[in-house]
Amino acid sequence: MQTYELGPPTRRSSLSTHRCFVIAVLLVACLHGPGCQSPEQAALQPLPDEKTPLTYAELFQRAKSQVGAAQEFFFADRWDEVEQVGDALQKTAARMKTLPAEAIPANKRDRFAGDLEALQAGAAELKKAGQARDATRVNAALQQLNLKIRDLRPQ
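Quick note: to get the working numbering, add 48 to the position in the sequence shown (first position is 1).
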């Protein structure tokens, strides 16, 4: 069997090794750092405190993202996260209820209270269905929530 001696590292090979190491460290830091979380995980983050004002558009986008995250968790059979999204979505809908009338788009004001009640009810059903690990009920809740999010979209 023939053996080869590699000899001392050249400047070029040590730079390549160093560069690969730096890239690997940055990648790991990004994947585990707070600024690089998935949209699904971001949807589970708690709302800012009541003193932090949020607009209709911000709360709507949060609710829309939460419904999308629930869909992704459902497809992956991540039942605990489905349940958590149901809880987070209920809190988002409750926060939307605190918006002053002038913050709600004019074309949404007439149906706003009823739409929020339906959103909260759908979120509660999503949470219960996730706890029960009932795919049929989760699917039905997601369908209703998607329709309600569509109704609430700012235009």
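The beta-carbon is built from N, C-alpha and C at its ideal position, and this holds for glycine as well.
task = Mark L195 as exposed unless 16 or more other C-beta atoms lie within 10 angstroms of its C-beta, in which case mark it buried.
result = exposed
query = What's the C-alpha gap between R181 and T140?
reply = Each residue's Cα considered, the two are about 23 Å apart.
Presumed contact (8 Å Cβ cut-off) between A111 and L167, rounded CB distance = Yes, A111 and L167 are in contact; Cβ-Cβ is about 7 Å, under 8 Å.
Cα-Cα separation, A149 to G170 = 23 Å
task = With DSSP collapsed to three states, give me the class of Q192.
result = helix
inquiry  = Suppose you measure from the CA of Y104 to the CA of T184; what does that come to, to the nearest Å?
reply    = Per the coordinates, the alpha-carbon of Y104 lies some 31 Å from the alpha-carbon of T184.
ask   = In terms of alpha-carbon separation, which member of A117, D135 and I152 lies closest to E106?
value = I152
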